[in-house]
Amino acid sequence: MSVNEQSIVEISMQVNGITVERAVAPRTLLVDFLREDLGLSGTKVSCELQVCGVCTVLVNDRPVSSCTFLAVDADGARVRTVEGLAEGGAPNRLQEAFLDHHALQCGYCTPGFLMMSTALIESGENLDREEIVHYLEGNICRCTGYQPIVDAVTEVAATHCGRLARTNGHGTSHL
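Read in order, the letters of the sequence shown correspond to residues 79 to 253 in the numbering used here.
Structure (structure tokens):
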């Protein structure tokens, strides 16, 4: 086997519900595969160190930093990007809540926040605001001040999960 044959790996995965098969170099990052090979530019690149969260995608329903996750490690997986959130070509309820609450300004961090929030909401947990804040702490936004983002996620979590635990400021939950 030549060096070139060894440096290419065939992978197959479902991306936003569509099966894709490609030949990639073993060191290809998932973010590069999504953006460059598949043209899904909603997933952003920033810190490349798993610090900012802008590259978050869901792999088998779990959030991952696609800037440090190899495309070959997603072989056989279900990958969902921000482009896969729309329902029938229209924004889903979470995306609408981000608009309603002005939870985006420059928009650069928005895809990562949407994907992290999607994973949290789909977990089905009854969440209080503090838990939502804690869960989203790994994502950085320089524009919104975070409150509108938390407000949007809180609204959708309450609807999706049927109820939302609220705290009284002393850490005690009230339903």
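Each residue gets a CB set at the ideal place from its N, CA and C atoms; glycine is no exception.
Just so we're clear, the structure is a prediction, and the values are computed from it rather than from any experiment.
Gly162 is not a Cβ neighbour of Ile218, given a cutoff of 9 Å. Proximity to Gln92 across Val157, Asp178 and Thr188 peaks at Val157, based on C-alpha coordinates. The three-state secondary structure of Ala103, taken from DSSP, is coil.
Excluding its 5 nearest sequence neighbours in each direction, Tyr213 has C-beta neighbours in its own chain below 6 Å: Leu198, listed in chain order.
Taking a cut-off of 8 Å for Cβ pairs, the stretch 222-240 and the stretch 199-209 touch, as three or more such pairs fall below it.
Segment contact: the stretch 172-181 against the stretch 106-125, fewer than three CB-CB distances shorter than 8 Å; contact not assigned. Assignment of Pro226 by DSSP, reduced to helix, strand and coil, places it in the helix class. Cβ-Cβ distances below 7 Å link Val211 to Val228 in the same chain, with the five nearest sequence neighbours on each side left out; the list follows chain order.
Under the 10 Å beta carbon count, Pro141 is surrounded by 16 or more other beta carbons and is classified as buried. Judged by their CB atoms, Phe147 and Leu192 are not nearer to each other than the 9 Å cut-off. The straight-line gap separating the alpha-carbon atoms of Val87 and Gly95 is approximately 22 Å. Just so you know, the alpha carbons of Glu233 and Ser144 end up roughly 27 Å apart. Boundaries around Ser195 are those of the alpha helix (DSSP H), Thr188 to Glu200, since no beta strand (DSSP E) includes it.
Residue state for Val98 is assigned as strand, using DSSP reduced to three classes. For Glu126, same chain residues with a beta-carbon under 6 Å away, outside a window of 5 residues either side, are Cys145 in chain order. Between Thr121 and Arg171, the gap from beta carbon to beta carbon reaches 9 Å or more. Judged by DSSP in its simplified three-state form, Gln173 adopts helix.
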